[in-house]
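Comments concern the structure below.
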Amino acid sequence: MEVSGTVISVRDLVKDYPGPAGRVAAVRGIDLDVDAGEFVAVVGRSGSGKTTLLNMLAGIDQPTSGEIRVAGQRIDELRGSRLAAWRGRTIGLVFQFFQLLPTLTVAENVILPMDLCRTVPPRRRRGLALQLLDRVGIAEQADKLPATLSGGQQQRAAIARALANRAPVLLADEPTGNLDSATSESVLGLFAELAADGNTVVMVTHERDLSGYATRQVTLADGLIRADVRACAEPGGRS
Ligand code: ADP
Ligand code: MG
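Using full-length UniProt numbering, the first residue of the sequence shown is number 1, and each one after it goes up by one.
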């Protein structure tokens, strides 16, 4: 799917959760526009609403009120199988603990979303999986089980899986949270490359130094955007 211009558009987004002492406001009125090719880092203290925001962008969680448009689709109005089909085509998800299926090889993990979405003809799936694994730098690990890979290699496999259906939007929740600092930098570099190739990346992170990687940093505090800063330098220009 080719997507250009504004890829994510959020208006007055609110999410309350029921709690023992009444409703807890996790997101309290967020407006956000993200263009194709941006690499947005979402930062903020624990409990500031980062995961809640990301899950609503993925259509995993429904907003209490407000509008969410992703790749031209009002996803707050989608439900059930239509939402699942939309998500499979549009969103690649990356998690802190990789979430690879342990009994499938790395290549089979990447093929799985193609099998579920049927976006790629069966005879082309393995070839595309190998291409994606090459793209993320672990082609030689294709036929191994995830547990035999390092953490960084597993996260690269998970990123290849997120790209399997050529999803234009990558959403990652603390993808470097379980990696050492050198490996984290290489994963941040990979996201920066994917954004430079036209993917739109929104990443929740606790990384402190995002300069040279993210093109924009959005800071959440108590369910609101407190700061929204675009980088001056071109991504990839880190030295
Ligand atoms: P972050 O990812 O920034 O740490 P979250 O989005 O997970 O923050 O949480 C924001 C707020 O919403 C927190 O106060 C949290 O306790 C609350 N919250 C998140 N998910 C739920 C849930 N499923 N049920 C009730 N409260 C929740
Ligand atoms: Mg979180």
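Where a beta carbon is used, it is the ideal one built from N, C-alpha and C, also for glycine.
The structure presented is a predicted model; accordingly, all values stated were derived computationally and were not measured.
Range covered by the alpha helix (DSSP H) that runs through F191: Residue numbering aside, residue 191 sits at position 191 when the sequence shown is read from its first letter. Where F191 is concerned, the enclosing alpha helix (DSSP H) stretches over S181 to A196.
What are the uninterrupted segments assigned as alpha helix (DSSP H) that are 4 or more residues long and contained completely in the stretch 77 to 109, given in chain order? Unbroken alpha helix (DSSP H) runs of no fewer than 4 residues, entirely contained in the stretch 77 to 109, are found at 80 to 90, following chain order.
On the criterion of 16 or more Cβ atoms from any shown chain inside 10 Å, does F97 qualify as buried, or is it exposed? Here residue 97 refers to the residue found at position 97 when the sequence shown is read from its first residue. Here F97 is exposed: its Cβ has fewer than 16 other Cβ atoms, across all protein chains shown, within 10 Å.
Evaluate Y213 with the Cβ neighbour count: other Cβ atoms within 10 Å of its Cβ, from every protein chain shown; 16 or more gives buried, anything less gives exposed. Taking the sequence shown and counting its residues from 1, one reaches residue 213 at position 213. By the neighbour-count rule (16 or more Cβ atoms within 10 Å), Y213 is buried.
Going by CA-CA distance only, name the one from R28, V34, S4 and L13 that's closest to V218. Taking the sequence shown and counting its residues from 1, one reaches residue 218 at position 218. Looking at the Cα atoms, V34 is the closest of the given residues.
Is it the case that the CB of A26 approaches a heavy atom of ligand 1 more closely than 8 Å? Sequence index remark: in the sequence shown, residue 26 carries index 26 (1-based). Correct: A26 has its Cβ closer than 8 Å to ligand 1.
Is the beta carbon of D222 within less than 8 Å of some heavy atom of ligand 2? Along the sequence shown, one-based indexing puts residue 222 at 222. Taken from the Cβ of D222, every heavy atom of ligand 2 lies 8 Å or farther away.
Could you tell me if the beta carbon of A173 falls within a distance shorter than 8 Å of some heavy atom in ligand 2? The count along the sequence shown starts at 1 and reaches residue 173 at position 173. Reading the sequence as shown, one finds Asp at residue 173 and not Ala. Yes - ligand 2 has a heavy atom lying nearer than 8 Å to the Cβ of D173.
Once DSSP output is grouped into helix, strand and coil, what is the label at T205? Translated into positions along the sequence shown, residue 205 becomes position 205. Annotated three-state conformation of T205 is coil, per DSSP.
Candidates L194, Q73, T119 and F39, of which the one nearest A58 by Cα: Counting from one through the sequence shown, the residue named residue 58 turns up at place 58. Nearest C-alpha to A58: Q73.
For the beta strand (DSSP E) containing R123, list its first residue and its last residue. Position 123 of the sequence shown, counted from the first residue, corresponds to residue 123. According to the DSSP assignment, R123 belongs to no beta strand (DSSP E) but to the alpha helix (DSSP H) extending over P122 to R135.
Within 10 angstroms of its Cβ, does S181 collect 16 or more other Cβ (buried), or is it exposed? Here residue 181 refers to the residue found at position 181 of the sequence shown. S181 counts as exposed, since fewer than 16 other beta carbons sit within 10 angstroms of its beta carbon.
Is the beta carbon of K15 within less than 8 Å of some heavy atom of ligand 2? Working through the sequence shown from its first residue, we reach residue 15 at position 15. For ligand 2, no non-hydrogen atom lies closer than 8 Å to the CB of K15.
Leaving out five residues on either side along the sequence, give the residues of the same chain with a beta carbon under 6 Å from the beta carbon of A231. Working through the sequence shown from its first residue, we reach residue 231 at position 231. Cβ within range, chain order: T215.
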